Each structure stands twice: as structure tokens, then as C-alpha cells.
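Chains as they are written, first to last, in the numbering used here: chain A, 6 to 260; chain B, -5 to 354; chain C, 18 to 296; chain D, 55 to 484. All C-beta atoms in this analysis are idealised placements derived from N, C-alpha and C, irrespective of residue type, glycine included. Given the structure is predicted, the values throughout are model-derived calculations rather than measurements. Scroll down for the structure; my scribbles are underneath it.
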Amino acid sequence: MAKPRLGVFKFSSCDGCQLSLLDCEDELLAVAGAIDIAYFPEATRSDDVGHYDIAFIEGSVTTPHEAEMIQDIRARSTALITLGACATSGGIQALKNGADTAAFIDAVYAHPEYIDTLDTATPISDHVTVDFELRGCPISKRDLIELVAATVVGRTPQTPSHAACIECKLAGHVCVMVSQGTPCLGPVTHAGCGALCPGYARGCYGCFGPKETPNTAALAAQLANHGADNRQIARLFSTFNTNAPEFRKEAEKHE
Amino acid sequence: MTLPVVIDIKALDQLVQTLAKDRQVMGPVRRDGAVVYEEIQGVDDLPRGWIDEQEGGHYRLKREGDKLFGYTVGPSSWKRFLHPPKQTLWRAGGGGITPEPIAEDRFAFLGVRGCELAAIQVQDKVFMDGPYRDPHYAARRENLFIVAVNCTRAGATCFCASMDTGPKVNPGYDIALTEIDGGLLAEVGSDAGGAALAALTSRPATEADLAAAAQGIKDAEGQMGRKLNTDGLADILKDNPDHPRWSVVADACLNCANCTMVCPTCFCTTVDEVSALDSDEVSRENRWASCFTTEFSYVHGGAVRPGAKARYRQWMTHKLGTWWDQFDSSGCTGCGRCITWCPVGIDITEEAAAIRGEGG
Amino acid sequence: MAHPADMKTDPMVPVLAQITRKHMEIPGVVTFEVEAPGWTGFGPGQFNMLSLFGVGEIAISISGSCHDTDRIVHTIRDVGAVSHALTMLEEGDTMGLRGPFGAPWPVAGAKGRDVIVAAGGLGLAPVRPILYHLLANRGDYGKVTLLYGARRPEEILFEQELGQWRSQLDLDIEVTVDHAAPDWHGHVGVVTTLFPSADFDPDNTTAFLCGPEIMMRFAANALTDAGVGTRDIFLSMERNMQCGIGLCGHCQLGPHFVCKDGPVFDWATMRPLMSVKEL
Amino acid sequence: MNDKVIKVDMLARVEGEGAFKVVVRDGEIVGTEFRIFEPPRFFEAFLQGRDHMEAPDITARICGICPVAYQMSSVHAMEMALGITVDGPLRDLRRLLYCGEWIESHILHAAMLHAPDFLGYAGAIEMANDGHGDAVKLALEYKKAGNAIVTFVGGREIHPINVRVGGFYKVPRKTDFAPLREQLLKARDLAEKFVDWTASFTFPDKERDYTMVSLSHPDEYPMNEGRVVSSKGLDIDVTDWPAHFREEHVAHSNALQGFMVDGSSYLCGPVPRFNNAYDLLSDRAKAAAERVGLPRDNRNPYRSITVRAIEGLYAVDEALRIIDAYEEPDAPFVAYEPRAGVGMAATEAPRGLLFHRYELNDDGSIKTALIVPPTSQNQPSIEEDLQSFIGDILDQPDEDILLLCEQTIRNYDPCISCATHFLELDIDRG
Ligand SMILES: Cc1cc2nc3c(=O)[nH]c(=O)nc-3n(C[C@H](O)[C@H](O)[C@H](O)COP(=O)(O)OP(=O)(O)OC[C@H]3O[C@@H](n4cnc5c(N)ncnc54)[C@H](O)[C@@H]3O)c2cc1C
Ligand code: SF4
Ligand code: SF4
Ligand code: SF4
């Protein structure tokens, strides 16, 4: 069987998700052995354009150019897979959605006249059909390896969409919400990180975005019981997955 | 059987050391603001002088007194060791299948409470009494030595008295301890327990010792923070799948699965396929699963229980109702963990009462 | 039937079964004949857990004859990752196999009675062992009727075999499709539309139903309305199964584990449960 | 052949999206542009109104390659605004975390992104598949030790979760360090070999007289705090930064660029640190530099790959020193009350100085934020390098010129993602 051809593409992002691939020190060469890394500018000058069996997309769409580019990549790819919160929900830069872009530009740039940017940062799935979404800000190495290994053998990657709480308990962490009253998004957040934050005595801040059927309202009510004010609750839901519909709606309720 | 004796803390330490010679002794330790079960080296590791304050969705440790076992049950349960969160089943590579060697763990548990021993016995039925058994569980169970502890203090979310599982432990232990002034009353529950106890420095228990222990247990019974009326409950639950209360609880429930993870009897697992990129070996692994997730009931095309209401109903009806049909026992032993460790404090006793038409 | 109550080995560990024959039934549905070491036969309605290492494991009914003790026949529809990978296997390839599991159709209990077998779609595969059994012991049973519904004419399963059976005079076979082009001359409509014209004695009939849950529910209700007893109607249920042996908990349906108490249940047991939404 | 435009529209093996262009007229280079077309992400604007506690998590997302640097500059600036000092084991742990990032980032750059230029490959995987497998494996194993530190202290290698204003959320117990220590001892040998490997390359014989800017601390190799100094005599407190440095929108380029107030360019990063603070390197690092003949006032930017290797070795040594001296602190963080204030800090990101300035409101929310990352500071210098280093090879084939240009830019380990939030977008595809 021919090795699947992989292209790795970057949109608006911090580079962290594609860096995760280079951070797979133990597996990198095995990955390169199992798939043909045809296009990956962060790692290689060779730009082998053409058709890709798998396209990894990092980042969200924030400029007119990016909006065109994603259509082209989609047309040239069999399976289009998004990596991380930016590509999957818009990422941190989606905080500008709903804000006054002109004011944002003024806040940052001395000479704003050249700035060419869309008013929104949007997930890839707003533009093209996405075959699989890997969550996280950043994605976890485990998930990435699982994704590649599963794709190579043809199984569904095991990246369950249940709550981070399950991983928290599998890891044997003590719930920070119950034992410390620390606000934690674990109950509404998609698993994948291994419940890192509770393991470090802090609440989950939602890198992996909403879980399946998240009850954000019930969690927000409990956060308020623990003393969080509306502003804190709104902020908690508006970080790296601020544009994920369930989180955005909950945040709006507290603005 | 041997008469009860009284041992002191030094003797208890000696017991731990003796058991540790050919076992991993697991016991209570204080970690990250809670009492959890981990490997212990001696009595010094125990959370002496710490008690817990529990309520729905609330747990805090505080200093009070100097009892070794003043705390009640915490977030971890013994199932973590007997039925671990992940268990490899077999590995395959190079054309053949190698079953995972049957677990050789030899555990001794120190501080098993009444509700907890009952929970172990519930899982025994699940994993060992059916037409098929889980050989890893069975092996760990056979090698297990249990030092139980009768509760002399109960928490606000405890209701073992309603479930007939405590505060005094039912048989099934090797040794049972009751903390009294000036020592620990020790009772023997098995030959192995008798032998282990005989090797320790002890004195025969006096009437006063026995009375003090009984009083401690009675005190705990009086402090029981929750009650569950089990009368006809199984049928009430099964007969009320459309009770409006299920929708009420579904609105509050996060379906985060914490209750099932902390519950000492919840046994469900999902099988994961594990393959690596750099080897041909693949393996299959069991992982704790929960009926609160949609993937749990997934059949091609969608979940059988997509709604939160159906998932909560499944869990509670199973625990308190259909468990009886399946295993001829309750699936709940009244430990209260699911109440305390639910991030929003949903209370199984309150929900059951509400379906029954009381309170709520 | 190997019922390993005293089994020392781990029931979660499969054996390697080898494919001796592969046959494509209709696009996306493949029948395999496999041989597995230690296989001692099965009861009609039982299933195996089939797997491809690295991909996953799924429950698949045995669709062959239980008189055939060394060949194991499975008919698999490609719907997702595991079923797809299995259907891609070729003769000579191996798959993992555990089983047989589950409670069989109570065919013996139907002796001397009329039998109705009603199947929808791929549901014909799990009931095929019943038909083999009935045909092999034809004298033991009264009128035998097979009512089968497929979505479209192209999706009719085991068409050749149906033709052979139909030519046998002592077997009544009616086939219907949900949608058809004008060149289809058979019945159009759901399976239940075939019931009124079926010939059976309601007081002395045993019915075996297999197909989508909604089809089974309608069929069972129609039979009950026609006077067949609720304990004489049997259904084969499907739930998510990870272990197939009652340890993983996924397949619970009310008080039952579909894998070990079922998958075959009588209608008296299922009726109240199937009327509850999302049970 | 005397007029041409040498350009690359998608510069590979750098973090983020950049391009460059060299315009030649009559055999003379008339213009060099190092351009960044990463879309703007507006971090400074997002930060307004957020809680100061969120700054380390949010600013980390500016760059997945050096999140620790962002976390460090932000917490130090916040602590200044809040009037608290973090020292003792907590300060050491931060330095340890930073060592991890230096190792990880330096080795990533040196082995995976830069070395292929010296050995003539498109990338490290191609290099590994063509006889350099052992070197690549060694580098990966070594780099892994850096990630192991970041993961151990910070929770994960990218966007660590354990850094907070005042210290950490949770600190390790002394006994927890044992496996990490073992791994670092092994990594130290790899680090030595790695220095030798990078030094074995052939370096273009090119130098420039840079103004080398770095932090300076009396007792420590520059990393998490210090005064800002330059090789030309500057020596200022970090709070005086705005008075001595400025950012400009330059007409020919699409980027804000950093200059000294007098308009001259300067260089920050490993080479300035090495030159300005050579004496503070560990003995092992100094010995390695001597062994491979790296002069202590190196002005050849191509040799920065070896300087990174030396800093990597230093970071391993320093990490081990910190681990051996570690005593668990009484509390994982210093407690404080939010208050209004202004705070500034600079720390040494792997690729150079990273300056943050925040103004806080009474409730601890952020009023204004300013972030000046290293790549913007080095941009004028990058263009000047292109201007002066390729003039003598203009008669060679375009591909060779291109390669040298790219190699020259990669000397800087430019981190374009970092730069985005203040670089405007103008894609010149014409
Ligand atoms: C007792 C029984 C007998 C069956 N007999 C047959 C048969 O003879 N032929 C046939 O083609 N199919 C049969 N099925 C259905 C078959 O198990 C599913 O089609 C199969 O599990 C789909 O898996 P997948 O990975 O291809 O699909 P996906 O949709 O990707 O499913 C993902 C996973 O969900 C679970 N799952 C999905 N659908 C089902 C299901 N219907 N039942 C149980 N678990 C499911 C499995 O664990 C599966 O791996 C039977 C199911 C049961 C319970
Ligand atoms: S700490 Fe957070 S993730 Fe963990 S169980 Fe509690 S609520 Fe869930
Ligand atoms: S914030 Fe939540 S999702 Fe992110 S690392 Fe922490 S626990 Fe995981
Ligand atoms: S259901 Fe709740 S109270 Fe009952 S055993 Fe489980 S965790 Fe304890």
C-alpha cells in the first residue's frame, strides 16, 4: 500500500499544534515512515504540491486570502483534518468576533491603513467540509499520535468527546471544584489533555472546547454559587474556544 | 473464632510492616486536600487527626481530634486497585495473540469501611459470579487481605445505615478494627486474619472496650447525614420512567460522569484498541466508562440515550432498581461519594425520594 | 455450545479465525465463511465478537446453519470503521473471533407450531439459521412463513437462496420493498403490510423477528393484534457491545444485558421496555 | 543578469509565515525585505479588560514555540505592577522551566530547521533518511529532555498550565525530580556531542559589527531578569526600555521594526547573550566553546547554530544545578491583593529579548498591554545581513543565492508567529 501523502497547512495560529508533530521526539521518524510528509513548511523546504490524502489544517480563517486558500486545499485533499482550537472553533483570535475590528486595529497599530483582515476569526468548518477535528489548545501529542496511528490502520481515532472529568478521575486527581471550590470547566470540556489542570491544582480553562451535550448553564450556576461574578463567568467561557457556540452562548448570558 | 483483642498504634504499624512483606499495602493518605488511597509504608502515612466535612458538591479536610480513622470515605475507592481504570487484555504481534498475564497483584487494604466492603462484594458478583468472569479481577480478589474499619463517625452524605452495609462492617474482612480510646479493638474474620493478629502484641478486649466500640458505631449511625427509603424502591423506579422529576434533575446534571467514576460499584468499561506507529504490536485495553456519556450507548447512527434525562435515569434506576434483577443486590451501598463528588451536588437520596413522591 | 462457566482462560481474548470463503451479497454486504480453532458449534441467533487487530471489535450474528459445526458463517454490512475493515478482508486472511455468545432463538419450543419469521434489511442474516433449522426439520413444524422487507430491490439479501426456498412448496415467502422503480412487480411497503395476507393460526404460532427496532415493534404489535401470544413472539435486540459477555455494561436494556440475557427476548419482556423512550 | 528579484514567498523551516525579497539593479542590491504575512491576531487588544491572572495563559498563545518566554515576561511584569517579589525556590523553578524551553527551542531550531542548510537538505527528515539518522535521533533525544523539563514543571510542553502570577499552581516535591535528573544527566552527554556536531559544519566567512543587546545579571547567565545592556555601552534598567528603543512602521516593509532610539539596528538573541555574558556560562559550556574554537566575541551570525548548542549545554547544566539545590517552598505562590499599577519586564526568550508592559486597574484587570517580541527587534538586522552578505555571490545560480538568503534569515531563528500581533498584513504577490 502506498504511504498516504500528508500536507500540513497553517492559518492564523501560534504554530503550537503543528509543533506538536515535531515534539513527538519518539515517534517522529516512525510517523515519517508511515506517511509521506509531502508538504510541511515548518519542517522542510520541499514543497511537494498536488493532491493530499490527508491535510492537517492548523489555525483559523482571519483574512480574505485565508478564506480562498482553504477552498483550494479542500479541493486538493481527500481527508481534511483540523488540528486544535483555532482551526476547530476559531481560537483565541476569535475574541475579536463581535468586537469593533477597527478599534482593535487602532489599539495595536500605529499606522492601521495597511491592515487587511476579516472582522471575524472563524473555524475551518465554517468554510469547507471537515472530516475530523482534533481538539485542544494545543492538541495533545497522545491524540495526534493516535490520530495518525488510527488513520494508518483505518480505525476511528479514540478521542472521546466526553467530559474532561472522566480523565480527571481516571488519573486519580482530587476534584478541585469539590475540594477547593476552584472554578473548573472540566464538566463541560471535551476530554483529551488528560485533565492536566486539576492535576496541577487549578481548574480546567477549557482548551479542548465543549464536550458532547455540555450543560454550561448548570455549571455556570454552580460557579456563581462558589462566588464567581458574571464577569468572571463570561471570561471563563471566552478564551481559546470563545467562538464555540455552546461556550459563546453561555458567555453572552453573563455579559 | 478468636475473641476480640485490643492493639495499639504500634501494633497496627507492625501489622502494616508484616503485610508489606509480601503485599502492597494500600491505605488512606492525605493528598491534594483529600484522603485518598495509596500505597502506605506505615501508620505514619495515615491522615491522623484529619477529618472531612462533606456535603453535596463539597469536601474539605480539617484538623480535629487525633483519630487515625476519623475521616469518612474520600474520592477514591478500592475499585481503583481491583478493577483499575485501565487494564490491558491482550497483545498481538507477529501473528499470535498473547493474553495479558493474569494479574499477580497482592494487595492488603487498610481502612475498608462497611459501605466499601459491601461495594467490593457487589463487584465480586459482577466480575466473578456470572457465566463469565474477569480473571484479572478474580486473581486480585483472591490475593486480597482486608483490614476493615468500623466507622465511629459518619459524614453528612453517608447513608450506609439505610443500605444495611454499615457503619459496622458485615463479614468478608480478614480483620476488623474499631478505634476506641487507647487503641483499636480488633476482630478476626478469617484464618489469615487470625494468624496475622496473633503475631501482634495485643491484650484481650474487656467488656468496657467492647462497649466503647459499640458506642462509637452507634454514634456514627446517629450521625448519618442522609437516608434512603429502599422499600419497594426498585419497582417504583422501574415503573416511573416518565416521572417529571427526571427532567428536573437533567437540567441540573452536568453529565460529567463523576458520580460513576467515584462510585465503588460502577463497573462499566469500554474497550480501546491500541496500536503504535513504530511497531506491529497491537493491544486491547479496558477503560472505565460511564453511562452518562453519549458514546456509551452509541449504535451505528446515534446514541440510544442522547438525552441527559435518559442517562441520569439509566444510572439511578440501575443502581437502585435493575441491579437487583441482575445481581440480586443493590448497586448502591450508601457511601455517599456520588453526592459529595458531584460538582453540582446532585443527591441520589433526594432524587429517589422525589420519584417516590416525597420531598423534592 | 461451549459455555465456559468454568473457563480458566480470559473470555476477552479472541482466537484467530481464518476466512475460507468470501462472497459479496449486495454492495456493502459480505458473507464470510471462517474456521476457528476450538469451535464446537452454536445455537441459531447467537453471535460472535469479530475483530480486526488495531481496528476494533464488533458483534456479528452467525448467519449459517447450526448443523454445520466447523464452518462459521457471518454476513456483515459495511457501516463504519470496524465493519468496513472486516468486509475488506480476503480469503485466507484472519480475524479475531470470540464466541458464540448470547441466548439463541428458541426454535425447539416452536415444534408442532406454525412459524413466522419476519426480517427487515440485514435482519435476515441473524434469522437465516432458523430457516436452515426449519428446513432441515421441516416435518416438526406447521406452516412456515418468511416475511422479508428490504429498502430497495437491489438490497434484497440472499436473493438466490430466497428463490430456492420459494420453490419449495412448504415454505411461504413474501418479500416487500420500501421504494421501487416501476419495473418491480412485487410488494411495496413496510414488512407489516405483509401480515394480513399471511396464513397462520394465531393460537399456535411462534414468531421470530429481526430488523430495525421500529420494524420489530410494529411487527410484534401487528402479531399481538392478530392474536399471537406475547410469549410466542421473539425479537433480536441490538445495543452497543464492548465485551459480549455481560461485563462491560454497555448493552443494558432495563434489567437485561442484551449480550447475555439476549439478544433474543420475547415480546412480553420487551414490550414494556421498548415503549420507553431512550431506555 | 544584472537586474533580478530574488524572492521566496513562503519561507520554510521557520515558525510562522514569512517571505523575503532581494531586489538587484545593475548588479547592486538596492533593497532587501524580510516580510511577515502572518495575519494579525490582536493580542494587545484582547488583553484589555482581562484579568491579570489570565495574562500568562493568553500571551502563551502568541507563540507555540516559546510560550514559556511569554509566560515569564508577563508574570514578571505583573509582579512588578503588583509590587511583589518572587524569589527562592519559586524563582529557581521558573529558571528551570525556562532552561527546558531553551533546550527544546534551540535544539529544534539548530537540528531540525537550521542544520539542513549547512548539510544541504530540504529538512531534517530528509537528512535523517540520508545518512544523518544518528545525528537527528541524538538531537531528538536531547530535545526531548528539554520538553521533559517543561512538561514536568509546566504540565505540558506547549502552553504550560502551571505558571501563575506569584509563582506556580503546584510545585513538585524534591523526590519527584529523580527521573528527570537521570534524563538530564544523559542529555548532558548528548549536548556535548551536539556542540561538536554543529561545530563541524562549514560556515560562510562573514561578519558584521552588530550592536549586541541582551539582559545582564551580575550572577547569572541572562535569562529571567537583569538590566538591558549592549556591546556598545548601553546599560539601563528595564523600565527605561521605552526611552531607548522604539518601534517603527517602515515604508518598504510590511512590518513594524525595532530600532534603538537613534534609528540604528541592533541584534538580540543567543549571540549577544554569549558575547555579553560569556563569563557566566557553566564551566562545561565554556570548555565546549573553547574546544570547538568559538571565539568569545563571535560576530559571525552563521555560527549562531553553535552558540545555540552551547546555550543548550548550559541550560542542561543549569537545570541540573537547580534540581540539586531545590528545596520545596512553603507555598506554591506568593499571595497578594490586586491593585492598580504599571509593570514592565524583559526576559530572554530563546531567540532574544521579550519585553512586556502592562497597566492594571484597581481590580487587577488589564488596562493596557504592550508586547515587543525578539523577531521584530531583529528584523532590521536581518535585512542588513541580506544586504551585506550576498553581494559577493550575485553571479552564482539563483538557487544558491536563495539558499544563502534563507540560511542567513534562519540564523535568527525568527519566530514569525510571535511577531504577528503588531505586524500588519500586506501580501505582495505581484
Ligand atoms: C447481537 C448483535 C448482532 C449483530 N449482528 C450483525 C450482523 O450479523 N451483521 C452486521 O452487519 N451487523 C450486525 N450487528 C451490528 C454491528 O455490530 C454493527 O454494525 C457494528 O458494531 C458497527 O461497527 P462499526 O465500527 O463498523 O461502525 P461505527 O458506526 O463506526 O460504530 C462504532 C462502534 O460503535 C459500536 N456499535 C455501533 N453500532 C453498533 C450496533 N448496531 N450494535 C452494537 N454496537 C455497535 C461498536 O462498538 C462500533 O465499533 C449486530 C449487533 C449486535 C449487537
Ligand atoms: S476537578 Fe474539574 S475536571 Fe476534575 S472532576 Fe472536578 S470538575 Fe471535573
Ligand atoms: S485547561 Fe482544561 S483542557 Fe486545558 S489543559 Fe487544563 S484541564 Fe486540560
Ligand atoms: S451510588 Fe453513590 S452512594 Fe451509592 S455506592 Fe455509588 S457512589 Fe456510593
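Closer than 7 Å between beta carbons: that is the criterion. Which residues of the region 198 to 231 of chain D meet it against chain A? Interface annotation for the region 198 to 231 of chain D against chain A: 198, 201, 209, 210, 211, 212, 213, 215, 216, 223, 224, criterion Cβ-Cβ distance under 7 Å.
For the candidate residues A/138, A/238, A/164, whose alpha-carbon lies nearest to that of residue 260 of chain A? From the listed residues A/138, A/238, A/164, the smallest Cα separation to residue 260 of chain A is found for A/238.
Please classify residue -3 of chain B as buried or exposed, where buried requires at least 16 other C-beta atoms within 10 Å of its C-beta. Flag for residue -3 of chain B reads exposed.
Return the Cβ separation of residue 182 of chain A and residue 141 of chain A in integer angstroms, given the expectation that the two are a contact with Cβ distance under 8 Å. In fact, because the Cβ distance is near 21 Å, the residues do not count as touching under 8 Å.
Residues of chain B with CB closer than 9 Å to the CB of residue 265 of chain C, please, in chain order. Residues of chain B with a Cβ closer than 9 Å to the Cβ of residue 265 of chain C are, in chain order, 261, 262, 263, 264, 265, 280, 283.
Assuming the contact rule is C-beta atoms closer than 8 Å, residue 284 of chain C and residue 237 of chain C should be a hit. Round their C-beta distance to whole Å, please. About 5 Å; that satisfies the 8 Å criterion.
Could you check what DSSP says for residue 41 of chain C in three-state terms: helix, strand or coil? In the structure shown, residue 41 of chain C sits in a strand (DSSP, three-state: E or B).
Closer than 8 Å is the cut-off here; do at least three beta carbon pairs connect the region 251 to 265 of chain C with the region 145 to 162 of chain C? Because the criterion of three Cβ pairs below 8 Å is not met, the region 251 to 265 of chain C and the region 145 to 162 of chain C do not touch.
Residue-level contact to chain B via CB, residue 171 of chain A, 8 Å cutoff: Closer than 8 Å: yes.
So which residues on chain A does residue 299 of chain D lean against when the C-beta distance must stay under 8 Å? Those within 8 Å of residue 299 of chain D in chain A number zero; the least Cβ separation is about 15 Å.
Measure the beta-carbon distance from residue 382 of chain D to residue 328 of chain D and round it to whole angstroms, keeping in mind my assumption that it falls under 8 Å. Cβ-Cβ separation between residue 382 of chain D and residue 328 of chain D: approximately 33 Å, too far for a contact (criterion under 8 Å).
So is residue 232 of chain B buried or exposed if we call it buried at 16+ other beta carbons inside 10 Å? Classification of residue 232 of chain B: buried, given that the 10 Å Cβ count is 16 or more.
Unbroken alpha helix (DSSP H) run spanning residue 89 of chain A, endpoints: For residue 89 of chain A, the enclosing alpha helix (DSSP H) has its first and last residue at 89 to 94.
Does DSSP put residue 468 of chain D in a helix, a strand or coil? Collapsing the DSSP output to three states places residue 468 of chain D in coil.
Measuring CB to CB, does residue 117 of chain D end up less than 8 Å from residue 20 of chain A? At a Cβ-Cβ threshold of 8 Å, residue 117 of chain D and residue 20 of chain A count as neighbours.
Any chain C beta carbon closer than 8 Å to residue 12 of chain B: Between residue 12 of chain B and chain C, the shortest Cβ-Cβ separation is not below 8 Å.
Suppose the cutoff is 7 Å on Cβ atoms and the five residues either side in sequence are ignored; what does the same chain contact list for residue 354 of chain B look like? Only weak support exists for where residue 354 of chain B lies, its pLDDT of 45 falling under 50; the coordinates are left without a value.
I need the DSSP call for residue 238 of chain B, collapsed to helix, strand or coil. In this structure, residue 238 of chain B counts as coil in the three-state DSSP scheme.
Hey, residue 250 of chain B and residue 191 of chain A are a contact pair by Cβ (cut 8 Å); roughly how many whole angstroms apart? In this structure residue 250 of chain B is in contact with residue 191 of chain A, their Cβ atoms being roughly 7 Å apart against a cut-off of 8 Å.
Assuming residue 187 of chain B contacts residue 175 of chain B under a Cβ cut-off of 8 Å, what Cβ separation, rounded to an integer in Å, is found between them? Not confirmed; about 24 Å, so no contact.
Is there contact between the region 183 to 200 of chain D and the region 397 to 404 of chain D, where contact requires at least three CB pairs shorter than 8 Å? Touching, no, given that fewer than three Cβ pairs across the two stretches are closer than 8 Å.
Where residue 143 of chain A meets chain D, residues with beta-carbon distance less than 7 Å: In chain order: 118, 212, 213.
Express the C-alpha separation of residue 54 of chain C and residue 20 of chain C in angstroms, rounding to a whole number. At residue 20 of chain C the pLDDT is 40, less than 50, meaning the model places this residue with poor confidence and gives no usable figure here.
Following the continuous alpha helix (DSSP H) through residue 419 of chain D, name the residue where it begins and the one where it ends. Element bounds for residue 419 of chain D: n/a, residue is neither H nor E.
Who are the neighbours of residue 76 of chain C on chain A, taking C-beta pairs under 8 Å? Here the premise fails: no neighbours, minimum Cβ distance about 17 Å.
Neighbourhood of residue 119 of chain A by C-beta, 6 Å cutoff - its chain only, sequence neighbours within 5 removed: Summary for residue 119 of chain A: the model assigns pLDDT 46, below 50, so the residue's position carries little reliability; its value from the coordinates is reported in the next sentence. Residues of the same chain with their beta carbon placed closer than 6 Å to that of residue 119 of chain A are lacking, with the five preceding and five following residues left out of the count.
Residue 227 of chain C, enclosing beta strand (DSSP E) - first and last residue: Its beta strand (DSSP E) spans residues 222 to 227.
Less than 7 Å separating the Cβ of residue 316 of chain B from some heavy atom of ligand 4? Every heavy atom of ligand 4 is 7 Å or more from the Cβ of residue 316 of chain B, so no.
Which residue's Cα is closest to the Cα of residue 88 of chain C: C/111, C/130, C/36? Distances from the CA of residue 88 of chain C to each of C/111, C/130, C/36 were compared; the closest alpha carbon is that of C/36.
For residue 216 of chain A, name the three-state secondary structure that DSSP assigns. Reduced to three states, the DSSP call for residue 216 of chain A is coil.
Option in D/122, D/392, D/317 with minimal Cα separation from residue 301 of chain D: Answer by Cα proximity: D/317.
Kindly say whether residue 174 of chain A, judged by its beta-carbon, lies nearer than 8 Å to any beta-carbon of chain D. Not closer than 8 Å to any Cβ of chain D, the Cβ of residue 174 of chain A fails to qualify, so no.
If you measure beta-carbon to beta-carbon, which residues of the region 62 to 75 of chain C are closer than 8 Å to chain A? The residues in question are 71, 72, 73.
When burial is assigned at 16 or more other CB atoms within 10 Å of the CB, is residue 201 of chain D buried or exposed? Looking at its Cβ environment, which holds 16 or more other Cβ atoms inside 10 Å, residue 201 of chain D is buried.
Is residue 23 of chain C buried or exposed, if buried means 16 or more other CB atoms sit within 10 Å of its CB? Note that residue 23 of chain C scores 41 on pLDDT, short of 50, meaning its location in the model is unreliable and no value can be drawn from it.
Tell me the rounded alpha-carbon separation between residue 130 of chain D and residue 293 of chain D. When rounded, the distance between both Cα atoms is 12 Å.
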